[in-house]
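Right, one structure below, let's go through it.
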Ligand code: TRP
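Numbering (the working numbering), first residue to last: 428 to 863.
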């Protein structure tokens, strides 16, 4: 392992950064609209199932490759598989850049909505407001502002930038979402929301699009498939119990998504707005929720502002991890952190102008990245770890004698559970089933 490599200060620094990566727009915005669109509880159950059955083993694979090699994704694949694998490392880095470019655009909207909440509240035509926020120079400007913040924090380094930000923001985010969920429970009419969210219709469990969305969401939400968790684990010492850390990360991530659902569903049902959510995908929550906040009266402004502030916090710690993948790969080749962050960050910011100006592009990029690149990346990582990387099993168990017990289960999941499921999701996302 390389000597001068940066490190997290310890277990909690790593865990907070990793949970910070996982918890983001995916947990609140993407999860809620997918759950609303896919019949609530059935989707939630499938999402939990995929988190445990494919998310967890692939997360453990990424962490093993990162810690074992002490490199970003390109270096890690070469370390374990030889130079032929370099190209796959590159693909993960490009996927991360692509995701960050539009992720930052949505983060810019949340930033804008937070300031709207503070400055004036959410009265007025919610649809017109979303159109204004999500188009034109304003959308570009807030996206660039968000990218600039991300760049500044990543330039600070692993301990002073990434870890410190996560340590400050994640507990705050959790408290806000918890407080909002408790508040939502007091709304008259909340019970209809809970019913939609928590009572599964079992027939939906076999509904193909629901299954595919749930699997894709498990991957997106855990930041898997493009080396983000791999990169963070490359800043770990060898004395960590990786299966235990992976479980903590996966359950925290699920927990925050679940909690966010306990905010969104009661709020929307209490105000009778459930009909509005299914219509447009990307924008649904940005229209329906402010509408609901407005209808709540005085408390709504505070609730709404806090909700969007929590989204901003989550988005920032996730964006940091996305940028760090590319930055780490550049640093591995000898470029300074400062320079790598500035140059790569500026390129990604420029790429984001496209989705900032066009919702169509944004939706397209989310589908390509979320359902194709991440799932394909996860498939490669699962197969690579179990069939190509010879020392992966022993490297996984380093540092924790108990971890060795999980090797057979892990191997089974990486060979027989994750690949067929991911392969199927990939085919489906590429539209292959439509051919039959
Ligand atoms: N997981 C984050 C979320 O839920 C987004 C994210 C951060 C991500 N890093 C990633 C998604 C890497 C895919 C890959 O919002």
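A virtual CB, placed ideally from N, CA and C, is assigned to each residue, including glycine.
### Message
Residues in the same chain with beta-carbon distance under 6 angstroms from residue 519, minus the five sequence neighbours each way, listed in chain order, please.
### Response
If we look at residue 519 and ignore the five residues flanking it on each side, its Cβ neighbours are 500, 653, 654 and 804.
### Query
How about residue 449: is its Cβ closer than 6 angstroms to a heavy atom in the ligand TRP?
yes
### Task
State buried or exposed for residue 618, treating a residue as buried only when at least 16 other CB atoms are found within 10 Å of its CB.
exposed
### Task
Use the C-beta contact count for residue 666: other C-beta atoms within 10 angstroms, 16 or more gives buried, fewer gives exposed.
exposed
#### Entry: Nonlocal neighbours in the same chain, by C-beta distance under 8 angstroms from residue 647, ignoring five residues either side
453, 457, 797 and 801
### Query
Is the Cβ-Cβ distance between residue 549 and residue 693 less than 7 angstroms?
No, they are not a contact pair.
### Query
Going by the beta-carbon positions, is the gap between residue 597 and residue 443 smaller than 7 angstroms?
Contact: yes.
### Message
Going by beta-carbon coordinates alone, are residue 464 and residue 656 separated by less than 7 angstroms?
### Response
no
### Task
Quick one: give me the first and last residue of the alpha helix (DSSP H) that residue 597 is part of.
591-612
### Continuous alpha helix (DSSP H) stretch holding residue 667: start and end
Taken as a continuous stretch (DSSP letters only), residue 667 belongs to no alpha helix (DSSP H), as it is neither H nor E.
### Query
Going by the CB atoms, is the gap between residue 848 and residue 481 shorter than 7 angstroms?
yes
### Query
With respect to 6 angstroms, is the separation between the Cβ of residue 648 and the closest non-hydrogen atom of the ligand TRP below this value?
yes
### Query
Are the region 839-857 and the region 803-817 in contact at 8 angstroms, needing three or more beta carbon pairs?
yes
#### Entry: Candidates 760, 643 and 545, of which the one nearest residue 854 by Cα
Comparing alpha carbon positions, the residue from 760, 643 and 545 closest to residue 854 is 643.
#### Entry: Backbone CA spacing between residue 526 and residue 681 [nearest angstrom]
21 angstroms
### Query
Does the ligand TRP have even one heavy atom less than 6 angstroms from the beta-carbon of residue 574?
no
#### Entry: Cut-off 8 angstroms between Cβ atoms - residues of its own chain near residue 834, not counting five sequence neighbours on either side
820, 823 and 824
### Task
Find the nearest neighbour of residue 451 within the set 814, 826, 735 and 772, judged by alpha-carbon distance.
Residue 451 has its Cα closest to that of 735, out of 814, 826, 735 and 772.
### Message
Would the region 770-779 count as touching the region 628-642 if we require 3 or more Cβ pairs under 8 angstroms?
### Response
no
### Query
How should residue 474 be labelled, buried or exposed, when 16 other C-beta atoms within 10 angstroms of its C-beta is the threshold for buried?
buried
### Query
How is the alpha helix (DSSP H) around residue 570 delimited, first residue to last?
563-582
### Contacts around residue 600, its chain only, beta-carbon distance under 6 angstroms, and the 5 residues preceding and following it disregarded
Listed in chain order, the non-local C-beta contacts of residue 600 below 6 angstroms within the same chain comprise 737, 740 and 741, local neighbours out to five positions each way being set aside.
#### Entry: Endpoints, alpha helix (DSSP H) assigned at residue 634
Following the DSSP letters along the chain, one finds residue 634 in no alpha helix (DSSP H), marked with neither H nor E.
### Task
Count the C-beta pairs between the region 768-777 and the region 506-517 that are closer than 8 angstroms, then say yes if the count reaches three, no if not.
no
### Query
From 437, 784 and 857, pick the residue whose C-alpha is nearest to that of residue 594; which is it?
437
### Message
Can you look up residue 877 in the DSSP assignment and give me helix, strand or coil?
### Response
The first residue shown for the chain is 428 and the last is 863, placing residue 877 beyond what the model contains.
### Query
Do you know how far the Cα of residue 748 is from the Cα of residue 826?
Rounded to the nearest angstrom, the gap between the Cα atoms of residue 826 and residue 748 is 25 angstroms.
### Query
residue 485: which of 673, 722 and 759 sits nearest, CA to CA?
Out of 673, 722 and 759, 673 has the C-alpha closest to the C-alpha of residue 485.
### Task
For residue 397, count neighbouring C-beta atoms within 10 Å of its own C-beta (all shown protein chains included) and say buried if the count is 16 or more, exposed if not.
Because residue 397 is not part of the residues shown, which for the chain are 428 to 863, the question remains open.
### Message
DSSP three-state label for residue 868, please.
### Response
Only positions 428 to 863 of the chain appear in the structure, and residue 868 is not among them; the question remains open.
### Task
Please confirm whether any heavy atom of the ligand TRP lies closer than 6 angstroms to the CB of residue 748.
yes
### Task
Could you check what DSSP says for residue 760 in three-state terms: helix, strand or coil?
coil
### Message
Is residue 655 close to the ligand TRP? I mean its beta-carbon at under 6 angstroms from any heavy atom of the ligand.
### Response
yes
### Query
What does a CB cutoff of less than 6 angstroms around residue 610 pick up in its chain, not counting 5 residues either side in sequence?
none
### Task
Find the nearest neighbour of residue 695 within the set 445, 467 and 433, judged by alpha-carbon distance.
For residue 695, the nearest C-alpha among the options comes from 467.
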